[in-house]
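For the record, the sequence lines run as chains A and B. Our numbering numbers the first residue of the first sequence as 1 and each following residue consecutively. Our numbering numbers the first residue of the second sequence as 1 and each following residue consecutively. Structure first, then comments.
2 protein chains.
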Amino acid sequence: MDVKELYENINKYMNKKVTLSGWIRNHRKQKEFGFIDFSDGTCFNHVQLVYDNKNKDFDEIQKYHNGCAITVDGKVIESQGSGQDFEISIDKIKLEGDCPEDYPMQPKRHSDEFLREQAYLRPRTNKFQAVFRVRSVTAYAIHKYFQEKGYVYFHSPIITASDCEGAGQMFQVTTLDLDRVAKDKKVDYTKDFFGKRSNLTVSGQLEGETFALAYKKIYTFGPTFRAENSNTKTHANEFWMIEPEIAFCDLNQDMDIMEDMLKYVVSYVLENCATEIDFFDKWVEKGLKDKLNKLVKSKFTRVTHEEVITILRDADVKWEFEPKYGEDIAKEHEKYITEYFNGPVFIKDWPKDIKAFYMKQNDDGKTVAAVDLEVPGAGELMGGSQREENYDKLVNRMNELGMETDSMEWYLNLRKFGGCYHSGFGMGFERLLIYLTGVENIRDVIPYPRTPGNCEF
Amino acid sequence: MDVKELYENINKYMNKKVTLSGWIRNHRKQKEFGFIDFSDGTCFNHVQLVYDNKNKDFDEIQKYHNGCAITVDGKVIESQGSGQDFEISIDKIKLEGDCPEDYPMQPKRHSDEFLREQAYLRPRTNKFQAVFRVRSVTAYAIHKYFQEKGYVYFHSPIITASDCEGAGQMFQVTTLDLDRVAKDKKVDYTKDFFGKRSNLTVSGQLEGETFALAYKKIYTFGPTFRAENSNTKTHANEFWMIEPEIAFCDLNQDMDIMEDMLKYVVSYVLENCATEIDFFDKWVEKGLKDKLNKLVKSKFTRVTHEEVITILRDADVKWEFEPKYGEDIAKEHEKYITEYFNGPVFIKDWPKDIKAFYMKQNDDGKTVAAVDLEVPGAGELMGGSQREENYDKLVNRMNELGMETDSMEWYLNLRKFGGCYHSGFGMGFERLLIYLTGVENIRDVIPYPRTPGNCEF
């Protein structure tokens with residue numbers, strides 16, 4: 001039986017015998033009694049196991065260290081002490097796996113840095129146990145949202161020969177023997193596995209568009225890779241992305257979907273990870289729960305980039321970076337804008353020169369139908385756009401940017417073969433998790449993070 | 001509105017005005033009438049749109065080619081013709097995106113080979129529309145099964161420095177400039193992105209075990225990679241795997257879960273993709289639906305590898321490959337065994353020398369607690385094992401196999417730090433899809449397949 005089942009149906013099990021398997025998180029030994037803080041990992045809550053010296057195995061049990069795996073038979077009883085409603089009085093206990101006294105995960109507060117070095121053990125701590133369960137439940141909430149609305153889950157390819165979003169930041173994938181390359185003093189891609197240079201995907205959007213024009217509504221949810229050599233709290237080189245794409249959908253409808261999805265996912269997590277959110281609220285980010293509850297009830301504001309710049313320039317603030325029409329905005333500006341509107345803000349119609357080639361060109365000739373969602377306390381959480389559906393405009397833009405169009409024929413053809421107005425957006429999964437948990441460093445919301453120089457486990 | 005919504009609530013919409021956006025799959029023009037076979041991709045069913053020369057746009061509509069994107073306003077009426085219960089009488093139609101007459105996806109039967117060359121357009125055909133919707137629904141069924149049973153979804157890392165399952169078959173990931181390597185005549189991995197050689201994962205199991213020993217029940221569902229240079233119907237170099245891992249679970253319980261999960265997923269697909277399964281049953285694999293319904297009701301047999309060899313050797317069959325104790329079995333043997341037991345068969349307790357190092361060594365000293373599930377008409381669909389939880393036995397086995405243990409310290413430590421008996425299994429997602437759809441070639445169940453020499457789109 002799982003501890004989760006016990007908590008959910010405690011009345012059913014009260015005063016009954018149960019058998020549980022799990023781990024000793026903390027063992028407090030007294031002369032005539034013992035208390036075991038026990039977890040089986042199926043829910044955030046632990047169970048207190050109690051025994052006394054009337055138990056024939058008393059001396060044996062007292063030898064069990066923190067970290068041991070055990071199977072316990074006992075009776076569920078009302079708790080004598082404070083801190084829990086019930087506890088289990090041990091009849092019999094079996095040691096499944098021992099644990100040495102120098103086990104690194106002792107019941108005390110460890111630093112995040114220390115725990116990153118022990119990444120394979122950190123899900124055994126309260127904090128990371130909570131983080132990675134929230135990760136799992138959030139992933140499921142995203143699938144549930146899109147599936148129930150009839151979206152098709154599309155697996156975009158991971159290895160790709162396309163490099164249209166910037167090859168400089170891509171990881172190369174190869175089966176060439178590099179020692180051989182060094183020895184032969186030449187690189188022959190015709191001998192590589194795919195007969196040409198190939199890379200890890202940086203985005204599944206372009207391929208996603210091909211499926212949106214067949215299924216109307218699709219989403220991706222898979223790993224993406226950027227070989228950026230930056231060591232910040234918000235960058236990892238391997239991360240998961242969600243990229244929905246919707247045919248017959250303009251920028252306004254795109255924003256409706258972004259807002260609806262985010263509220264759904266946050267509500268789902270509040271409801272299904274209540275204990276974890278309470279924990280984060282208490283120990284990781286004070287006010288987290290209010291922040292999330294407020295988001296769900298917020299009206300998201302929609303303003304243009306130009307309006308934002310005007311607001312910023314009119315503000316009585318000394319900026320580190322001066323806000324300028326036609327240019328990107330800085331973190332300090334994002335923060336001001338969400339405070340100004342007291343809630344999430346969609347900033348739309350961005351200057352075309354700072355946005356991607358595939359975004360729909362607005363009639364003003366200066367902006368594109370792109371949108372970023374700025375969320376209080378998180379900054380940019382999602383970015384989307386209506387896609388340029390006009391073949392000629394798209395080709396012209398690619399030519400302007402010096403992009404090669406031959407290898408993109410399939411993408412361009414989508415505009416010829418029953419193309420239609422369509423939109424989509426991207427959400428970094430880890431960025432959402434940082435927002436949901438209050439955890440600050442992306443390394444702490446990915447089981448085994450990949451960052452420059454770090455590829456352990 | 002979606003066509004799916006229309007089909008699911010046809011009574012509500014009968015004799016009402018509706019607006020739909022989607023694509024012309026076939027346009028049959030007559031002198032005074034026209035019939036448009038219309039699909040919006042939200043369900044397998046199409047809708048018939050009808051118009052006559054009383055419509056003021058009659059001449060304009062008649063110009064619309066197959067493949068065009070349209071938005072149509074019309075009235076839902078009972079169908080005059082056979083083949084459908086209702087149709088839509090067109091009031092107004094708007095051309096969203098034109099399509100040339102030489103559009104490759106004309107309404108006729110195309111070969112799978114031709115469609116692979118047009119992979120970005122093939123989801124617009126009935127067959128592939130059905131395949132990739134089943135892919136999406138099946139993925140969701142798998143998540144739903146595990147999440148509802150309290151499993152934690154674990155994202156195993158894609159880029160890994162571990163090579164313990166055979167580096168020869170791995171793709172290398174690098175940011176080294178290969179031209180530079182050729183020029184410098186040496187490979188310096190300290191200059192590579194992670195400071196050492198790194199690869200694409202071939203399995204998330206070992207990392208999955210670390211999380212199973214924290215959460216009790218976990219599953220992975222992500223892409224995996226094998227650089228095998230083989231061009232068969234069942235091999236792709238990039239594919240998706242599901243790898244559940246369960247603590248306090250022996251081989252028998254592992255088989256219980258494999259059986260339960262498979263039955264759940266097949267039932268879910270039968271229920272939620274009934275139209276698609278009917279289509280496959282009629283056009284792709286006759287008897288598919290019976291096969292799937294039978295599986296759900298089957299009792300799965302459990303036999304040992306040794307028993308299987310005895311049955312094969314006693315059989316009155318002239319084998320191409322002679323069945324031998326202590327050796328692997330061939331496709332012809334798998335087929336015979338599922339026919340012999342008239343249903344799915346778990347073959348367990350395999351000779352240790354043909355199985356992986358991490359599998360639990362049985363007391364006989366010759367076999368390991370491994371299991372393969374053989375399914376009629378599919379062969380091996382899943383493989384699992386109880387894992388060796390004894391530290392010394394595991395290290396000895398790795399030494400026997402000449403494996404390096406230093407970099408695997410974290411994996412070995414799982415046996416020291418509260419280790420316990422635990423088991424898991426792996427299922428190739430595409431192999432399951434081949435079984436569910438009757439489609440024979442793995443290239444036809446992956447949106448953009450990667451095979452030797454092929455990395456298009």
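Backbone N, C-alpha and C define an ideal beta-carbon position, used for all residues, glycine too. Remember, predicted model here, so these are calculated numbers, not experimental data.
Check                                                                                                                                                                 : Outcome
Taking only beta-carbon atoms, is A:E456 less than 9 angstroms away from chain B?                                                                                     : yes
Excluding the 5 residues flanking A:K331 on each side, which residues of the same chain have their C-beta closer than 8 angstroms to its C-beta?                      : G379
What in chain A is Cβ-close to B:P323, meaning under 8 angstroms?                                                                                                     : Ordered by position in chain A, no residue passes the 8 angstroms Cβ test against B:P323, which lies about 35 angstroms from the chain.
Chain A partners of B:S298, CB-CB under 9 angstroms?                                                                                                                  : Simply none; closest approach about 28 angstroms.
Alpha carbon to alpha carbon, what distance is there between B:Y340 and B:I277?                                                                                       : 27 angstroms
The beta strand (DSSP E) with A:R25 in it runs from where to where?                                                                                                   : K17 to K29
State yes or no: is the C-beta of B:Q361 nearer than 8 angstroms to some heavy atom of the ligand MN?                                                                 : Ligands displayed in this structure: none; no statement on the ligand MN is therefore possible.
Taking Cβ-Cβ distances shorter than 7 angstroms, what residues in chain A pair up with B:V152?                                                                        : F132, R133 and S136
As a quick exercise: from B:L401, B:K294 and B:T367, pick the residue whose alpha carbon is nearest that of B:E307.                                                   : B:T367
Hey, quick one: how far does the alpha helix (DSSP H) through A:H333 stretch, first residue to last?                                                                  : K331 to Y340
For a test of the three-state rule: what should DSSP assign to B:S198, helix, strand or coil?                                                                         : strand
Identify the continuous alpha helix (DSSP H) that holds B:A274 and give its terminal residues.                                                                        : A274 to W283
How would you call A:G438, buried or exposed, if buried means at least 16 neighbouring beta carbons within 10 angstroms?                                              : buried
Closer than 7 angstroms by beta-carbon distance: list the chain B residues that pair up with A:D40, in chain order.                                                   : K216
Rounded to a whole number of angstroms, what is the C-alpha to C-alpha distance between A:D260 and B:G204?                                                            : 33 angstroms
Give me the Cβ distance between B:E388 and B:K355, rounded to the nearest whole Å; I'm assuming they're in contact under 8 angstroms.                                 : About 11 angstroms; that fails the 8 angstroms criterion.
For B:L412, which residues in the same chain have their Cβ closer than 7 angstroms to its Cβ, ignoring the five residues on either side in sequence?                  : Y391, L394, V395 and T405
Hey, is A:C68's beta-carbon within less than 9 angstroms of any beta-carbon in chain B?                                                                               : yes
For B:Y448, which three-state DSSP category applies?                                                                                                                  : coil
Alpha carbons only, please: which of B:W319, B:E209, B:V76 and B:N66 is nearest the one belonging to B:E101?                                                          : B:N66
Using DSSP bridges, identify the partner residues of B:F86.                                                                                                           : B:E78
Using a cut-off of 9 angstroms between C-beta atoms, extract the partners of B:L251 located in chain A.                                                               : Neighbours of B:L251 on chain A: none; closest Cβ ~16 angstroms, over 9 angstroms.
By the criterion of Cβ-Cβ separation under 9 angstroms, what are the contact partners of B:I158 in chain A?                                                           : I158, L200, P223, F225, E238 and R450
Take A:P376 and list the residues in its own chain whose beta-carbon comes closer than 6 angstroms to its own, dropping the five residues that flank it on each side. : T338
I'd like to know if A:T437 contacts chain B, where contact means its C-beta is closer than 9 angstroms to some C-beta of that chain.                                  : no
Restricting to Cα atoms, I'd like to know which of A:V187, A:Y153 and A:N199 is closest to B:Q172.                                                                    : A:N199
Apart from the five residues on each side of it in sequence, which residues of its chain come closer than 8 angstroms, Cβ to Cβ, to A:D52?                            : E32, F33, G34 and F58
Kindly indicate the opening and closing residues of the beta strand (DSSP E) around A:C358.                                                                           : Rather than Cys, the amino acid found at residue 358 of chain A in this sequence is Tyr. That residue, A:Y358, is in no beta strand (DSSP E); it is neither H nor E in DSSP.
On the three-state DSSP scale, how would you describe A:N454?                                                                                                         : strand
Figure out for me which residue from B:E207, B:M14, B:I77 and B:I93 has the closest Cα to the Cα of B:M408.                                                           : B:E207
In angstroms, rounded to a whole number, what distance separates the CA positions of A:L178 and A:K186?                                                               : 10 angstroms
Inspect the beta-carbon positions of A:Y268 and A:Y435 and report whether they are closer than 9 angstroms.                                                           : no
Could you please tell me which residues of the stretch 173-206 of chain B, in chain order, have their CB closer than 8 angstroms to any CB of chain A?                : V173, T174, T175, L176, L178, D179, V181, A182, K183, D184, K185, K186, V187, F193, F194, G195, K196, S198 and L200
When burial is assigned at 16 or more other CB atoms within 10 Å of the CB, is B:E238 buried or exposed?                                                              : buried
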